Each structure stands twice: as C-alpha cells, then as structure tokens.
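Colleague:
In full-length UniProt numbering, the protein residues as written are 1 to 107.
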C-alpha cells in the first residue's frame, strides 16, 4: 500500500521552485533571494533541485505581505520572526492554563 502520510505534513518538501513561485505569484528569483538571506531553506531533491514545504510557502507569503506594505527584507524577516515568537508564547500560555485547570479544577 502506498504511504500517503506526507500529504498532511506541513514540512514535506512537495513543491518545486516553479510550482511555489506560481502558487504565490512571485518570481523564482524572489524565492532564491529568500534562501540567500537565510529566510527560507528549501530541501534539495536527489537531483539538487529546491523543494519547498507548505510551511515554507506560508512563510514566503507572509514575508511578501510585509514587503508589499513597504518594509525592507530585513524588517519583514524580523516582523515575521516576532509574530512567530508571539504565537509560540500564546500557545505556551494556553498550555499552562490548561495544565493549571487540570491540577486545580475548583478554580
């Protein structure tokens, strides 16, 4: 039976540079420039071709939005990084609240 578990994997490198560029409405050179600036690190196929995951495409779209708003690439990278840190902090807070509620059901 064929293993299809990777279909739900956000980190599975499923998309070529051309596919990714077309999906996002950007030039392939833009994707390569993000790699040059260490914002996105696509995996490589056995033939050496870049392969992007859905998680990476989401990040590229977020960076592109920041650039479209007039931010520099460095600022866009910083903003998306801070947004991710904030989301992680919120997730940790929610997890801690859930643990606290389990240990103190009367509260």
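Just so you know, even glycine gets a beta-carbon here, dropped at the ideal spot from N, CA and C. Remember, it's a predicted structure, so these values are computed and weren't measured experimentally.
(1) Looking at residue 50 and residue 17, is the spacing between their C-beta atoms short of 7 Å?
(2) Could you give the distance in angstroms between the alpha-carbon of residue 42 and the alpha-carbon of residue 68?
(3) Over the uninterrupted alpha helix (DSSP H) stretch that includes residue 64, give me the two end residues.
(4) When the Cα atoms are used, what is the spatial distance from residue 55 to residue 65?
(5) Just to confirm the assignment, what range does the alpha helix (DSSP H) spanning residue 102 have?
(6) Where does residue 59 land, buried or exposed, given buried means 16+ other C-beta within 10 angstroms?
(7) Let me confirm a value: residue 74 is counted as buried when at least 16 other C-beta atoms fall within 10 Å, else exposed. Which label applies?
(8) Just to confirm, are residue 20 and residue 52 a CB contact at a threshold of 7 Å?
(9) Just curious, the alpha helix (DSSP H) that residue 48 is in, first and last residue?
Modeller: Result, derived from the coordinates:
(1) yes
(2) 23 Å
(3) 54-68
(4) 16 Å
(5) 73-103
(6) buried
(7) exposed
(8) yes
(9) That residue, residue 48, is in no alpha helix (DSSP H); it is neither H nor E in DSSP.
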